[in-house]
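Q:
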Amino acid sequence: MIEYVVAIAFVIVLKWSWDRYHFLKLRDEMGIPGPPVRFPLGNIDYIIEDIKKYGKEGTINMRFRTAEKYGWTTGIYLGGHFEISTNDPEIINEVFIKQFSKFVNRPTQHFGAGYPMNENILQMTKEGVPGRGYGWKEVRSVISPIFTTGKLKAMFPVMEERVDEFVKFLKSRVGLGEIEMYRELQALTLDVIGRCAFGMKTDCINDKNDVFYVNTQTFFNCLNLEESKGMFLGFLSPKLAQMIRPFTLEGRSEMTLINGLKEVIKNRRKTFETDDDQRKDLITLLLEQDRERQKSQKKAPLHEETIASNCYAFLLAGYETTSTALAFTLYALAKHLDVQQNLYEEIMQEIGMNEEITYDVMMKMSYLDAVVKESLRRYPPVVFFTTRECVEDCVIKGINIKKGVCIQAPVHAIHFDPEIWTNPMTFDPNRFLISNNQVDPLKWCPFGLGPRNCVGMRFAEVEIKAALISLIRNFSVELGEELRTKELPCRVSAVLYRPMDGVPLKLNVR
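Below, the structure is given as structure tokens:
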């Protein structure tokens, strides 16, 4: 018996080794340069050595170091994935725009191969989950109308109420010294998500023991490649990682959030058809859009798991990305006091100190728009999610790209490219005023590229602008003592680029 088990195991290992060997030959066959490949890990050791040498802060610049050695279009083996990273605008245009139908899917990031990620528009494939009868495109068509101007205007008072509460909270802290703004902004954005998206009566701003806040923080703290064995295993063997996911802290904390959202959705359905006066949060709007889809297209409703996982996607996409963007923007304004003063003057001119902030006036403020755009260019919160997986063999710029190969457009590398942006490392909102705030989507891409870009980008934009107006008209912002003599330490966690040790700032009431 033992002999049979050993023989079967030997055959399995031999088959895997043979397949792996040929997989690691793919880059050479395609003629793509890159760091040395070692069997069986591919380039995992290259990544680990780079992290050891340059530290967590240096991870963001790994792309530049690789490009200096091997060029701006390079191939990297990330465990079970082969990924081509490129700044080439011609290749990017072909992959994300012209030949999008051949690159419609996102690769499985870390644990993204199974539920809940395979049910939401962040990770759902063209075909979708077997048996559902719909894929990412149809689900996105249900979600997109949620973020129209009219619906954002309806949610704006809820955002403003939370921002006002946030200003009140900060004023109570001003006399106590420097404030770690990143942590506080996370509470603000989670409150906005909790109330605007889920209709929950959260108060994360004042209560850091709020269950929603604690559960969300627990999960996001797991998204750290250097410290999470589960995420590291996800790079090496996505299928094995998916099998053990329910037993990891990441998996358990994720399901805690999912189960909480399911309960909210269940309760919302009880009053959805009869209560016309209920607040139009994103869950309600999603249920309404799905009802319209059923009537107009004669289709079955979206599965409960699909609705829950897309609500979860709202949380993933709208919580830490927005708080990170706000933290980076306040840091930039504290560092560039002339820009802060110009923004304050526009706020006073357009709104004043005591006037109500309205959606229409806010969206017409050109300098505010330029500041936000430049902050997202100089400090893009999401740097490694603009990746597509080839679903059909094709040729792009003479490169034979095989099915299963991933193509990444690294956002930070595009935003920091001196051939695209003049003095790219300089924070200068005027670059957008000169262009009348018009941007080339292949050059400015903090929300992704092509038809699968961020569906909630307008929601994020409104939230960021509303928060900045209230903060800058109520406070002058200065760098904390440590940040006056050094750059803000940052790191890459999963696909996010964020402050490593917070953003300590000094606020002075105007």
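Quick note: the sequence shown uses our numbering, first residue -3, plus one each step. Even glycine gets a Cβ: it sits at the ideal position worked out from N, Cα and C. This structure is a prediction, so every number in the text was calculated from the model and none was measured.
How many angstroms separate the CA atom of D497 from the CA atom of F443?
A: 25 Å
Q: If I follow the unbroken beta strand (DSSP E) through C402, where does it start and stop?
A: C402 to Q404
Q: Could you tell me which uninterrupted beta strand (DSSP E) segments, each at least 3 residues in length, are contained entirely in the segment 342 to 404, listed from first to last along the chain?
A: 383 to 385, 390 to 392, 395 to 397 and 402 to 404
Q: On the DSSP bridge assignment, give the partners of S81 in chain order.
A: T70 and Q404
Q: Per DSSP, which residues does N101 bridge with? Please list them.
A: Looking at the DSSP output, N101 bridges to E385.
Q: If I measure Cβ to Cβ from M456 and keep anything under 6 Å in the same chain, skipping five residues before and after, which residues do I get?
A: Reading the sequence as shown, one finds Ala at residue 456 and not Met. Counting only Cβ-Cβ distances below 6 Å, and skipping sequence neighbours, we find T318.
Q: State the Cα-Cα distance for the pair F107 and N116, rounded to the nearest angstrom.
A: The pLDDT assigned to F107 is 49, lower than 50, so where the model puts this residue is not dependable, and the model offers no usable value.
Q: Among E388, E250 and D24, which residue has its Cα nearest to the Cα of A309?
A: E250
Q: Please report the Cβ distance between L195 and D286, rounded to the nearest whole angstrom; I am assuming they are in contact, meaning their Cβ atoms lie under 8 Å.
A: The sequence shown places Gly at residue 195, rather than the Leu named in the question. So it is not a contact: roughly 17 Å between Cβ atoms.
Q: Within 10 Å of its beta-carbon, does N205 have 16 or more other beta-carbons around it, so buried, or fewer, so exposed?
A: Flag for N205 reads exposed.
Q: So, do the segment 323 to 337 and the segment 385 to 398 have three or more beta carbon pairs nearer to each other than 8 Å?
A: no
Q: Looking only at its own chain, which residues have a Cβ that is under 6 Å from the Cβ of T252, when we skip the five neighbours before and after it?
A: N211
Q: Identify the continuous alpha helix (DSSP H) that holds R469 and give its terminal residues.
A: M453 to N470
Q: Using the three-state DSSP reduction, which class does I430 fall into: helix, strand or coil?
A: Here I430 sits in helix by DSSP.
Q: Between the alpha carbons of P141 and T481, how many angstroms are there, rounded?
A: 46 Å
Q: Enumerate in chain order the residues of its own chain whose CB-to-CB distance from V260 is below 6 Å, with the five nearest sequence positions on each side excluded.
A: Contacts found: F194.
Q: Can you give me the start and stop residues for the beta strand (DSSP E) that P495 sits inside?
A: Per DSSP, P495 is one residue of the beta strand (DSSP E) stretching across L492 to P495.
Q: Is it true that the segment 152 to 170 meets the segment 462 to 471, where meeting means three or more beta-carbon pairs spaced less than 8 Å apart?
A: yes
Q: Check the C-beta distance from C486 over to I56 and give it rounded, since I have them as a contact under 8 Å.
A: Yes, they are in contact, since the Cβ atoms of C486 and I56 sit about 7 Å apart, within 8 Å.
Q: What do you get for D15, buried or exposed, if any count of 16 or more other CB atoms within 10 angstroms of its CB means buried?
A: With fewer than 16 other Cβ atoms within 10 Å, it is exposed.
Q: Can you tell which of G129, G127 and R136 has its C-alpha closest to the C-alpha of Q119?
A: R136
Q: Between which two residues does the alpha helix (DSSP H) carrying S137 extend?
A: Start and end: W132 to I139.
Q: Starting from V159, follow the alpha helix (DSSP H) in both directions and report where the run begins and ends.
A: T145 to K167
Q: Just checking my contact of V401 with F78 at CB under 8 Å: how many whole Å lie between their CB atoms?
A: Contact flag correct, Cβ pair sits at about 6 Å.
Q: Just confirm the distance between the C-beta atoms of G30 and I72, as a whole number of angstroms; I'd bet it's less than 8 Å.
A: 6 Å
Q: What residue does the beta strand (DSSP E) around V488 start on, and which one ends it?
A: C486 to S489
Q: Are T325 and V367 close, meaning C-beta to C-beta below 8 Å?
A: Yes, these two residues count as a Cβ contact at 8 Å.
Q: Given that a residue counts as buried once 16 or more other Cβ atoms are within 10 Å of its Cβ, and exposed if not, what is Y0?
A: exposed
Q: Nearest CA to the CA of I410: which residue from K258, K98, I88 and G348?
A: When only C-alpha atoms are compared, the closest one is I88.
Q: From which residue to which residue does the alpha helix (DSSP H) around K49 run?
A: I40 to Y50
Q: Would you tell me roughly how many angstroms separate the C-alpha atoms of G171 and V357, rounded to the nearest one?
A: 32 Å
Q: Can you find the residues in the same chain that come closer than 8 Å, C-beta to C-beta, to A462, ignoring five residues on each side of it along the sequence?
A: F152, M155, E156, V159, I353 and M358
Q: Work out the CA separation of T121 and K295 for me, nearest whole Å.
A: 20 Å
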